[in-house]
Every structure is written in structure tokens, then in C-alpha cells.
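Read through the structure below, which is laid out as C-alpha cells, and then see the notes.
Chains as they are written, first to last, in the UniProt record's numbering: chain A, 1 to 221; chain B, 1 to 221.
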């Protein structure tokens, strides 16, 4: 069986979990305290990060590369459009969320509030938290603008771009950092993706010391 | 003709320039002072970053997505292996350089020494510069280890992984931050890639206020 070394609230791990679940690939989840730099773990991934996936006899890292590999080797159900232009747009948005959104929002809210406590790095920096809380509004507005024109973020089909975005937003929702009232288009999109069977394992996550809000796992939030 | 909005020492822009040149796609280079946040530029790319490429009537951003698009629409000469495992390894290494190497090395050396001056953000932070100078050694050793087993970074074929790595290293070489004596395997690899016609435009770059070392454009360095 496939095995994923992960931490529950990592958006990169969640994106891979969503891909695996959507393709109905069974996976054993192993929590990996990557910040403790266990030598066995570093042998698996010299970058020292999660996710690390064991699949098809390989040990793989880098979530974008992993998701493309899963898509190429298990093309159904498809998470990528058929045209180069469509695939470009998916990859652009995956980059948007995993780089820009991560840097401006996830790193400033989730990492400050949760990772610092879990890894023993101290207290949240309130300047970062404020910046993150301001930046997420602009990103939710950008998503609303995309969803005004499209059924899903990258077009008419659900793709890896939706999983990348939902991975970040679901992790932030766990700590009540998403204002779902800001855009009904974004809320409707999240309700759609949240109700997929692939989302179940993510909605069942529990992080000791952090209790999610009541609406976190509620499909009718 | 294709048009690329770029800055000369950006490794992400250089990676796209190398891809375009290797595929013999003519391109007009336009320097874009992205930090001045010109409204016309922000309309082209709401992420406010370079590179931005106009090609096939589209305006594209995110260097990884751009390079995959070029590869899919102009498959010859190929910069990606034929197997999913091979492509995974290329994407893993592109992620390694554009995320990890960037974060640990390029941001700490090039951005401190050059970008801060060009954008008027002040003086280099010596702590960052020291960390970057230490981290590049570990990365050169990792490259040497890969090149002990392989002709090119991701396998027996030159790929986007080599362009990603060469884009970062060439920008750092412009400010004399690469110790080519650390590994003969890495030096030989760089000599091979540097001598390709695709590299010419990069070796001709000039950044006002920063003169490259004599060996920068020398193929026999």
C-alpha cells in the first residue's frame, strides 16, 4: 500500500491526500515530525520536508511533482484539462497558491499560530498575523473573480488547482481564519469541494491543542 | 514575436529564457521594474512578478507553468524525459532549486546584494549573506552527488532541471558567489551547459552598478 509521511495541517500534504483520494489510491498516513530531523526521514527526503510519498516502489517528495506523477500514472478521474492552455492555467494557479498564497497568507497565519507552538519556536508574531489576515481578503476576492467566470478555479472542470486552493483554505479554516461570508461564490465552491468523498479524511483531522470550529467538518456550513 | 517581461538576474526569468532559446523561439526581452507596480504590468500579471511571457496570443506567468507549456507545445528538442518517473525527477529538482535553493541561497545572496540595492530597500543583511554562503556549499555537494550517478542532474538527458539549476547558479556567478573549485563534477556540468547557444544571451547580461567577474562569460573558466 502507498504510504504518506505528512503532518495533518500542511497544505502541501493535504493537496497530495486529496489527489490520492480522488483517484481512489489507498494510502497509509504516517505523521512525521520533520522538524526533529530524524536521520531515517532525511534519507527518504534530503530536503527534510513533508509530504514524502512511497508509491510504485519509489520514494517521492515535492508536492507538485508528486501530483503530476499521480495524474500521469492514474489519469482517471482526470484532474488536468486536455489542452496545453488548460494545463498551463492549472499549473499557474497551483503555483499561485503554493507560492504566493502560502507566502502571504498561510505562512503568516497557520505557521505563526500553529507550527510555532507545535515545533516549540515560540509565540505568534502579531505583525505577521495582521498582514496575513489582510492578505487573505485580497486572495478571496481574486478567487471570487475567477469563480465569476468559471465553474471551478481553472475552468469548467475540477482540477489540481482546486485541490491546491482547498488544501490551503481548509488548513486555515481549521483555525477559523477564513471569512466565508466575504464571497458567496467562494463559499459555494468550497461547499462543493468539501462534500466530495476525497475530503473526508481531511475533515476528520485532529491536532492536539487546537480544536477546530464547529463548522470545520460541517458540509452545510 | 514572443515577448518576455523580465529582469536580467532573475533565475526564474533565466530558466524561461533558456527554454525559449533551446527551442529556438525568438523572443523580445523587455526589462520590467516589477517592484514599481506599474498598473499595466499588474494587469498582465496580478501576482506582480516576473517572468511574464506573451506567446501564442496568451499572457503567461509562473515560470514552472510557462516551461511546461513551452515543452508541451514545442516538444523538440525535448527537455523532459519520456517516462512518468523521469518527469517526476525533473519536476522534483525544478522544485528543489526554485523553492529550497532559492529560499536558502539565492534569496540570501543575490537578493541581499543586488535586489535590495536596485529596488532601494537598503543594505545587505550580513547574517543572511553568511547563511547563504554556508548553504550553497551543501547544495553544490548535493549536485556533485547527483552528477556522480548521472550525466545531467535528472538523468542521462539535459532537462528543465538543468536549466533551473543553471539559472540560479549563473545569476549567483554574476556576483562571484559560486566556488567552482568545490566540485569538478559540478564545474564540468556548468561548462557543458554554459557552452550551449541557448546560454549566450544570459552571458551577455549587464546590470548597471554590478560588474560580473572576468570568468562569468568565459566558456573556459
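The C-beta atom is built at its ideal place from N, Cα and C for all residues, glycine as well.
- Comparing alpha-carbon positions, the option among B:15, B:27, B:8 lying closest to residue 34 of chain B turns out to be B:8.
- Three or more beta-carbon pairs separated by less than 8 Å link the region 161–176 of chain A to the region 2–21 of chain A, which places the two stretches in contact.
- Straight through space, the alpha carbons of residue 194 of chain B and residue 178 of chain A are spaced by roughly 47 Å.
- Beta-bridge partners of residue 54 of chain B (DSSP): B:3, B:59.
- Leaving aside the five residues that flank residue 1 of chain A on each side, the residues in its chain whose CB is nearer than 8 Å to its CB run, in chain order, 26, 27, 28.
- At least 8 Å separates the CB of residue 19 of chain B from every CB of chain A.
- No Cβ-Cβ contact shorter than 8 Å links residue 72 of chain B with residue 75 of chain A.
- Neighbours of residue 68 of chain B across chain A, judged by C-beta separation under 9 Å: 68, 84, 87, 88, 91.
- A Cβ of chain B is located within less than 8 Å of the beta carbon of residue 73 of chain A.
- Sequence-distant partners of residue 185 of chain B (beyond 5 residues in either direction) whose C-beta falls short of 7 Å from its own C-beta, in its chain, are 144, 147, 148.
- Apart from sequence neighbours up to five positions away, the residues of its chain that approach residue 212 of chain B with a beta-carbon distance below 6 Å are 174, ordered along the chain.
- The beta-carbon distance between residue 198 of chain A and residue 21 of chain A, rounded to whole angstroms, is 4 Å. This is short enough to meet the 8 Å contact definition.
- Following the DSSP letters along the chain, one finds residue 29 of chain A inside the beta strand (DSSP E) bounded by residues 27–31.
- Runs of alpha helix (DSSP H) with 4 or more residues, each lying fully within the UniProt domain "GST C-terminal" (83–216) of chain A, are found at 84–95, 107–110, 126–149, 160–174, 184–194, 200–203, listed in chain order.
- Between the alpha carbons of residue 96 of chain B and residue 42 of chain B lies a distance of about 28 Å.
- One alpha carbon belongs to residue 68 of chain B, the other to residue 88 of chain A, and they sit about 7 Å apart.
- The beta carbon of residue 142 of chain B falls within 8 Å of a beta carbon belonging to chain A, placing the residue at that interface.
- With distances taken between CA atoms, residue 218 of chain A lies nearest to A:204 out of A:210, A:204, A:208.
- Residue environment analysis places residue 220 of chain B among the exposed positions, since fewer than 16 neighbouring C-beta atoms fall within 10 angstroms of its C-beta.
- Its chain contains 163, 166, 167, 198, 199, 202 as the residues whose beta carbon lies nearer than 8 Å to that of residue 18 of chain A, once the 5 sequence neighbours on both sides are disregarded; these appear in chain order.
- For residue 18 of chain A, the uninterrupted alpha helix (DSSP H) segment begins and ends at 11–22.
- Counting only Cβ-Cβ distances below 8 Å, residue 96 of chain B has contacts in chain A at 47, 62, in chain order.
- Relative to residue 30 of chain A, the option among A:51, A:183, A:23, A:39 whose CA is nearest is A:51.
- According to the DSSP assignment, residue 40 of chain A belongs to the alpha helix (DSSP H) that extends over 39–44.
- The alpha-carbon of residue 64 of chain A is positioned some 8 Å away from that of residue 91 of chain B.
- Across the region 204–220 of chain B, no CB contact with chain A closer than 8 Å is found for any residue.
- Under the Cβ distance rule, residue 194 of chain A does not count among the residues neighbouring chain B, no pair being separated by less than 8 Å.
- Residue nearest to residue 118 of chain A within the set A:209, A:6, A:4, A:24 is A:209 (criterion: CA-CA distance).
- Here residue 136 of chain A has 105 as same chain residues with Cβ atoms under 6 Å from its own Cβ, once five neighbours each way along the sequence are excluded.
- In the three-state reduction of the DSSP assignment, residue 65 of chain B falls in the helix class, which pools H, G and I.
- The beta carbon of residue 215 of chain B sits closer than 6 Å to the beta carbons of 221 from its chain, once the five residues preceding and following it are set aside; these are given in chain order.
- Here residue 56 of chain B has 73 as same chain residues with Cβ atoms under 8 Å from its own Cβ, once five neighbours each way along the sequence are excluded.
- Annotation: residue 161 of chain A to residue 181 of chain B spans about 42 Å, alpha carbon to alpha carbon.
- By the CB criterion at 8 Å, residue 123 of chain B and residue 130 of chain B fall outside the cutoff.
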